[in-house]
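Structure record follows, encoded as structure tokens.
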Amino acid sequence: MVALARKTLIYEWRRFLPAMLAVGFAGLLQLLQLALVLGIFGSTSVYITGSSADVWVGYPGTQNVGSGRTIDPDVESRILMDPAVQRVEPYIWVDGDWRGPHETGGISVFVSGIDPSPEGLMFSKALLPSLRARLAEPDAVVVDRSVLDQLGVNIGETATINGHQVTVVGISSGLRALGGVNVLTSLSTARELDGDPTDIGPTYLVAKLRDPKQADAVAARLRGDTAFGPYTTWSAKDFARISVRYWMFDTGAGAGVLFLAGIVFLVGAVITSQTLIAAVNGSMREYATLNALGVGVGALRRVVLEQAFWVGALGLLGAGVLGVVLMLLAHSQDVPVVLNVPAALACIALVMGLAAVSGLAAMRSLRRADPATLLR
Amino acid sequence: MTHPAAASQATTPPALQAIGISKAFVSGKLRTQVLENFSLRIEAGELTLISGPSGCGKSTLLAILSGLQKVDSGRVLALGSELGQLDLRALERFRLQHTGFVFQGFNLFPALSAFEQVELPLNHMGLSRDEARARARRSLEEVGMAPRMKLRPSELSGGEKQRVAIARALAKEPELLFADEPTSALDAANGQMIIDILHRIAHAHGTTVLCVSHDPRVVVHADRVLAMEDGRILSDRRTHAPTNDSKGT
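Structural data, given as structure tokens:
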């Protein structure tokens, strides 16, 4: 079989270049936007993804980690009764007002009260063991490197949270928060910082299972028991997803992503289809001749669709290479970009869908390849 | 002396036959009747030339007889099939199996070599790859283009391009070959060569060649010349005895 589509694409590459660029940049734009949004909003679930808990227990209806309410401390024994549970520990979230040693004004901070013991689950992936051990000292806090300037402190200095004096004993990394600053401390210090005397229980209980694969089943099993007051359970994966989704849609960022996807698709498809239509028109007489010789319109359409496919594939390749380079550049500049497999697949689907729609549009112009017009 | 030949011709069915066909074109409010109650027989194995001034309806006639255009009324028989009763798919299939075309513009794909131009339609005929390639090579050899079959159209002269276009039509081994002004874009020597090839195809392969041209050089080589004007045949003459010629060579 003579590979008409590919040979034409290679021989007349200049003709197809605008379409490839349009497809490539459409893909790149969408990819980077998605990676940025995922990177920024992914940080809202760092409490979950940075910890090794498999099941989270919290107040029913909690929409993201930062908006939890206290639950009855006795729930802990209920959770521990389940044979699949290996370890349970409380996690206390306190919204605080930070006043540093220098003039910074009031800064709202998210205080995370965690178990500082070496086997503690919270932030086990984000906190070095030595740093964690230092939290056992009374009134010790750890802050993230990215917010040192914002908080106006450095290691060894003191500040106040909700009027209570704390000392910065260490600096973590990768614990950026959205809309505030994360401050890590021990459970006992967190209780001291909490100004509300009615808060007696933890905000969350986090549990480690003997078999992490059972997280969904155990979470479902522990749910719905009201003997200890209201609480509900999530597997860590579900809770992280709920949290990210809350931010995506509460802030309108999700709608923004979809809106841009629509625009990118439209602009890309217009440019690509126009280029393909011009390419088809350029070979119209040849196509008509083939049709006169009895080559069916269906076969000619396949040629156009194949060209659209290759335009999409080559554009995608270019976008992929450029995307990796830009992502590496972003990482080196501490820009939060994250790309996961579903997001990458979504971008590929968008680009190939765009190429397919353009191919179909170009295919329509083949109707003018009427061999009778060749006879004048 | 033409009696026995004429008698035998009357009994063999014609390759192409138009029976009382009419065709009009409508452009806006203007309606142009190109052919009206027009009848014609084209015999098999001959080079038939239709000549006449532009606008006389000869290209329309070619389009109708080759199944590229439908008639308003009347019947067209090609190799015994009534073209008016075939749908678009069936017409494509008929053209694929039985007809070849040579156009004034050579209409070659810029990206393909001469060999690939010829092989391409054969791929769609259900031939094996080897058979398609063997046919393409034979066909290019027949028009004297074998040495240049690796070249793309941009590297070929006009005459060479038209020879590739003829090879493309010829490789299908069609019973019917339609040519529309095949020489008008070529110089004298190349035009002559194309005419020789078309003539040879008719006589060596028994192909019915129907050529539309106003090139006087073609007239000399045609077995039969039809002069057309205003949608009518003005004259119908044979340049030499067709049966003797086709049997003799």
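Line order of the protein sequences matches chains A and B. Okay, so the first sequence: first residue is 0 according to numbering that gives the first Met the number 0, each after it adds one. Okay, so the second sequence: first residue is 0 according to numbering that gives the first Met the number 0, each after it adds one. Ideal Cβ positions, reconstructed from N, Cα and C, are used throughout, including at glycine. Being a predicted model, the structure only gives us computed values, none of them experimental.
Query raised in the report: Taking the C-alpha atoms as reference points, what is the distance between residue 36/B and residue 203/B?
Result: 34 Å
Report task. Provide the residue span of the alpha helix (DSSP H) that contains residue 192/B, from first to last. Result -> 187 to 204
Query raised in the report: Which residues bound the alpha helix (DSSP H) around residue 346/A?
Result: 340 to 363
Query raised in the report: Using a beta-carbon distance below 8 Å, is residue 0/A in contact with chain C?
Result: Of the chains in the structure shown, none is chain C; the protein chains are A and B.
Query raised in the report: Can you list the residues of chain A that residue 99/B reaches, using a CB-CB cut of under 8 Å?
Result: 292
Query raised in the report: CB-CB under 8 Å to residue 177/A, same chain, minus the five flanking residues each way: which ones, in chain order?
Result: 39, 40, 42, 43, 246
Report task. Give the interface partners of residue 282/A over in chain B, defined as CB-CB distance under 7 Å, in chain order. Result -> 108
Query raised in the report: Quick one: which chain A residues come within Cβ less than 9 Å of residue 158/B?
Result: Going along chain A, no residue has its Cβ under 9 Å from residue 158/B, so there is no contact; the nearest lies around 18 Å.
**Report entry** Straight-line Cα distance separating residue 31/A from residue 326/A
**Finding:** 8 Å
Query - Three-way DSSP call (helix, strand, coil) for residue 331/A in this model - result: helix
Requested in this report: Give a yes or no on whether 8 Å exceeds the smallest Cβ distance from residue 120/B to chain A.
Outcome: yes
Requested in this report: Look at the Cβ atom of residue 169/A, then the Cβ atom of residue 133/A, and state whether they are nearer than 8 Å.
Outcome: yes
Query raised in the report: With DSSP run on the structure shown, which of helix, strand or coil describes residue 88/A?
Result: strand
Query raised in the report: In terms of residue numbering, what span does the alpha helix (DSSP H) encompassing residue 394/A cover?
Result: With chain A running from 0 to 375 in the structure shown, residue 394/A is simply not present.
Requested in this report: Report yes or no: is there a C-beta of chain B within less than 8 Å of the C-beta of residue 305/A?
Outcome: no
Query raised in the report: Nearest chain A C-beta to residue 37/B closer than 8 Å, yes or no?
Result: no
Report task. Out of 310/A, 290/A, 175/A, 95/A, point me to the one whose CA is closest to residue 335/A's CA. Result -> 175/A
Query raised in the report: Which residues in the same chain have their Cβ closer than 7 Å to the Cβ of residue 135/A, if we skip the five residues on either side of it in sequence?
Result: 115, 185
Requested in this report: Quick one: give me the first and last residue of the alpha helix (DSSP H) that residue 16/B is part of.
Outcome: Residue 16/B -> not in any alpha helix (DSSP H); beta strand (DSSP E) instead, spanning 15 to 26.
Query raised in the report: Measuring CA to CA, which of 133/B, 209/B, 42/B, 179/B is closest to residue 102/B?
Result: 179/B
Query - Whole-angstrom distance between residue 134/B and residue 128/B, CA atom to CA atom - result: 10 Å
**Report entry** Nearest candidate by alpha-carbon position, reference residue 28/A, set 357/A, 361/A, 368/A, 350/A
**Finding:** 350/A
Report task. Measuring only between beta-carbons, confirm whether residue 13/A sits less than 8 Å from chain B. Result -> no
Query raised in the report: Between residue 179/A and residue 272/A, is the Cβ-Cβ spacing less than 8 Å?
Result: no
Query raised in the report: So residue 112/A packs on residue 188/A, CB below 8 Å; how close in whole Å?
Result: 7 Å
**Report entry** Contact with chain B by residue 267/A, beta-carbon distance below 8 Å
**Finding:** no
Report task. Could you spell out where the beta strand (DSSP E) holding residue 39/B opens and where it closes? Result -> 29 to 41
Query raised in the report: What is the DSSP secondary structure of residue 125/B, reduced to helix, strand or coil?
Result: coil
Report task. Under 7 Å between beta-carbons, which chain B residues line up against residue 370/A? List them in chain order, please. Result -> 67
**Report entry** Cut-off 7 Å between Cβ atoms - residues of its own chain near residue 132/B, not counting five sequence neighbours on either side
**Finding:** 118
Report task. Could you name the residues that DSSP lists as bridge partners for residue 113/A? Result -> 185/A
Query - Min CB distance residue 299/A to chain B below 8 Å - result: no
Report task. Return no unless some Cβ of chain A is closer than 8 Å to the Cβ of residue 171/B. Result -> yes
Report task. Tell me whether residue 75/A sits in a helix, a strand or coil according to DSSP, three-state version. Result -> helix
Query raised in the report: Are the C-beta of residue 242/B and some C-beta of chain A separated by less than 8 Å?
Result: Bear in mind that a pLDDT of 44 at residue 242/B, under 50, signals an unreliable position, so the number given afterwards is only what the model happens to contain. No - not a single Cβ of chain A is within 8 Å of the one on residue 242/B.
Query raised in the report: If you measure from the beta carbon of residue 6/A to each beta carbon in chain B, is any gap under 8 Å?
Result: yes
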